[in-house]
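Residue numbers (the working numbering): 280 to 404. Even for Gly, the Cβ is constructed at its ideal location relative to N, Cα and C.
Structure below.
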């Protein structure tokens with residue numbers, strides 16, 4: 280299925296219009312800045328993939344977007360995520376509906392995963 284159709288079908292299921300708009304902007308930005316990444320929906324989550332390996336995934340809840348870049352990346356960017364004001368667990372961080380997207384942080388996380396996983400032959404770390 281074509282990437283934009285796949286992402287639009289996911290967005291159509293997001294009931295919160297604020298989160299839907301944020302996610303649409305995030306997806307567009309990622310596609311523009313990282314055109315080599317492909318998109319798959321796995322476990323009802325849009326994921327951006329590089330050469331068959333996971334780079335970053337997204338999901339939504341009632342009032343936030345969850346961004347999952349893998350535990351190693353969460354550890355690497357823990358200070359930056361905290362400074363951005365986002366809640367975090369060991370596997371993901373949350374952007375609430377009233378928070379802005381920190382584009383530099385998101386860009387750096389994606390670039391880090393792409394660099395770290397070059398030539399990696401498994402889906403997960």
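How far does the alpha helix (DSSP H) with residue i in it extend, from its first residue to its last?
{"i": "residue 357", "result": "357-362"}
{"i": "residue 395", "result": "382-395"}
Give the range of the beta strand (DSSP E) segment to which residue i is assigned.
{"i": "residue 307", "result": "Not the beta strand (DSSP E): residue 307 falls in the alpha helix (DSSP H), residues 296-312."}
{"i": "residue 375", "result": "372-375"}
{"i": "residue 318", "result": "317-321"}
{"i": "residue 378", "result": "Neither: residue 378 is in no beta strand (DSSP E) and is coded neither H nor E."}
{"i": "residue 347", "result": "343-347"}
Using beta-carbon positions only, say whether residue i and residue j come within less than 8 Å of one another.
{"i": "residue 325", "j": "residue 289", "result": "yes"}
{"i": "residue 392", "j": "residue 335", "result": "yes"}
{"i": "residue 403", "j": "residue 349", "result": "yes"}
{"i": "residue 389", "j": "residue 309", "result": "yes"}
{"i": "residue 384", "j": "residue 339", "result": "no"}
Return the Cβ separation of residue i and residue j in integer angstroms, given the expectation that the two are a contact with Cβ distance under 8 Å.
{"i": "residue 344", "j": "residue 320", "result": "Not confirmed; about 15 Å, so no contact."}
{"i": "residue 295", "j": "residue 379", "result": "Between residue 379 and residue 295 the Cβ distance is about 16 Å, and since that is not below 8 Å, they are no contact."}
{"i": "residue 302", "j": "residue 293", "result": "6 Å"}
Look up residue i in the DSSP assignment and give the residues it is bridged to.
{"i": "residue 289", "result": "Paired residue(s): none; residue 289 is not in a bridge."}
{"i": "residue 329", "result": "332"}
{"i": "residue 339", "result": "344"}
{"i": "residue 366", "result": "373"}
- the segment 322-331 contacting the segment 355-370, beta-carbon criterion three pairs below 8 Å: no
* Asked: Any contact of the segment 360-371 with the segment 393-402, i.e. 3+ C-beta pairs under 8 Å?
  -> no
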